[in-house]
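Okay, so here's the structure we're looking at.
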Amino acid sequence: MIVGYNTDIKYRKEVFHIQTEDKGQGNPLIETLVYLHGEILLSRRISYAHLLPVEEKTKKVKSLMKSQHDQVIAELKEGRFSHLMSMDTQDIEDQTLDEMVLQYLVDENP
């Protein structure tokens, strides 16, 4: 089993905890979990069973772990997980109906 990664990322005034770990050769998976307030928002798993017969697999598994961990962080920063946040944690801008209509018209007719 390889030591994993743990990173806290601030996004939209919230702190997300991203954890990536190796489940070991008996269960050859790399698992990344995204937590918000102690609750799992997202899990991503990838098998590395195909690497078990390979020499220097530790180096390759570590590289896969780092890649998956970094990818999830990048997706979080891009806002790809915003739909998983509850409405009370989303940063919503207060606008009047007139302001929303005007913004819509501006966005649709550049």
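Here my numbering = 1-based position in the sequence shown + 2.
We treat Cβ as the ideally placed atom computed from N, Cα and C, and that holds for glycine.
Mark residue i as exposed unless 16 or more other C-beta atoms lie within 10 angstroms of its C-beta, in which case mark it buried.
i: Met102; result: exposed
i: Asp90; result: Only weak support is given to the placement of Asp90: the predicted model assigns it a pLDDT of 49, under 50, and the value that follows is read from those uncertain coordinates. By the neighbour-count rule (16 or more Cβ atoms within 10 Å), Asp90 is not buried but exposed.
i: Val63; result: buried
Report yes if the C-beta distance between residue i and residue j is below 8 Å; otherwise report no.
i: Thr98; j: Gln70; result: no
i: Thr9; j: Met67; result: no
So, with DSSP's three-state summary, where would you put residue i?
i: Lys12; result: strand
i: His1; result: Here the chain has residues from 3 to 112 only, and residue 1 is not among them.
i: Tyr106; result: helix
i: Thr60; result: helix
i: Glu80; result: coil
i: His19; result: strand
Since residue i and residue j should fall inside the 8 Å C-beta cutoff, what is the C-beta to C-beta distance between them, to a whole number of angstroms?
i: Leu43; j: Leu86; result: 5 Å
i: Tyr7; j: His19; result: About 11 Å separates the two Cβ atoms, so there is no contact after all.
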